Every structure is written in structure tokens, then in C-alpha cells.
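Numbers 3 to 146, taken from the working numbering, label the letters of the sequence shown in order.
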Amino acid sequence: MKREERAKKMAEVRKTMLGIYHAFEKLDAKLLDENFSHTDDLLAFGTDWDEKFAGWKQYRDIHSVQFKAVKSFRFASRELEVHVGDGLAWAADRPQWEIETKAGERLQSDMRVTAVLRWDVKKGRWLVVQWHVSLGLKERLHEY
């Protein structure tokens, strides 16, 4: 892949990832879900232990349910790293979340996000086929 083509694809993937973050901040489930593959091979992990979703049918209503409990959501990228290949891309970031629930609870967390995206020929854009969000351990279990 030529350097210019790689740079263009990387910019598109970066735009998709930042668009996902923006949709979280707007609490817009429809806008958010436009970035995910609506196929049986979608795989997503959230931060809660039971948040493993295999296929779009399991995942499609999650964000609208979650957003009903949220008053505000700040999703700030800090280390977005993007890589592209032939028809596939992957991204990793360590963003910061600031969430206020409608019940008044405030959460601030340093998160880890990884995603695999596939080029969708019909839509002419990158869509997430694997999404994983987690909290990293703050304490080291061993030295490097």
C-alpha cells in the first residue's frame, strides 16, 4: 500500500474512532451505532463483567439503554493509535471518561479502548467489528 493511501485510510479510521467518542458525548445512540457493523460477526466487550455481546442483534439496543441513565458524558482521547491493512484496521486508545448519571453519580476513569474495523464496501466507510473497553489496573502486579 502506498504511503498516501495508507495515510488516507488511517485518517478515515481516526475520524471514525473520534466520531464514536463524539456520539458518546452527545448521548446519541443512533449516531453511535452507525459506526458499528450490523452483522453477526460483531463482537463487543463493555466495562461490566456481563457486557459481552456477540452479533448486532445482541448489541443493537445497548447504547440507548445505557444513555437513558446518563446525564452527561465526556470522552477525551489521549493516545489514539491507528493501524491499517488491506480491508482491516485496528485502533487503541487510553481515553478519559467523565460521566454524570441522572442519579447524580459522577465517575471519572482512565479507560482503555481497542477496536478492529473493517472496510464496508456498500457504505464506503470503516465500521467496527470488534470493540473492547476496559479499566486498566492501577497497581503493577510485577516489575518490567
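All residues carry an ideal CB built from backbone N, CA and C; glycine is no exception.
A quick note: this is a predicted structure, and the numbers were derived from the prediction, not measured.
Q) Straight-line CA distance for V86 to M12? A) In a straight line, the C-alpha of V86 is about 6 Å away from that of M12.
Q) Quick one: what does DSSP say R5 is sitting in, helix, strand or coil? A) Helix at R5.
Q.
Using a 10 Å radius around the Cβ and a threshold of 16 neighbouring Cβ atoms, would you call W99 buried or exposed?
A. Buried.
Q: Take the Cβ of V123 as the centre, count every other Cβ of all protein chains shown within 10 Å, and call the residue buried at 16 or more, exposed below.
A: Around the C-beta of V123, fewer than 16 other C-beta atoms lie within 10 Å, and the residue is accordingly described as exposed.
Q.
Could you check whether R120 and W128 sit closer than 9 Å to each other, using their CB atoms as the reference points?
A. Yes, Cβ-Cβ distance for W128 and R120 is below 9 Å.
Q. Helix, strand or coil: how does DSSP classify V15 here?
A. Reduced to three states, the DSSP call for V15 is helix.
**Q.** For R114 and G138, believed in contact at Cβ under 8 Å, the rounded distance
**A.** Confirmed, about 5 Å.
(Q) Quick check: the Cα distance between W58 and A31, rounded to an integer number of angstroms? (A) For the pair W58 and A31, the Cα-to-Cα distance works out to about 14 Å.
Q) Among T41, L82, D52, D43, which one has its Cα closest to the Cα of R16? A) For R16, the nearest C-alpha among the options comes from L82.
Q) Taking only runs of the beta strand (DSSP E) that begin and end inside the region 9–87, which ones reach a length of at least 3 residues, in chain order? A) Annotation: the region 9–87 contains the following complete segments of the beta strand (DSSP E) (minimum length 3 residues), in chain order: 45–47, 54–56, 72–78, 83–86.
(Q) For A94 and S136, what's the separation of their Cα atoms in angstroms? (A) Distance between the alpha carbons of A94 and S136 is about 12 Å.
Q | Nearest residue (CA-CA) to D52, options I64, L44, D112, D43 | A | The closest CA to that of D52, considering only I64, L44, D112, D43, is found on I64.
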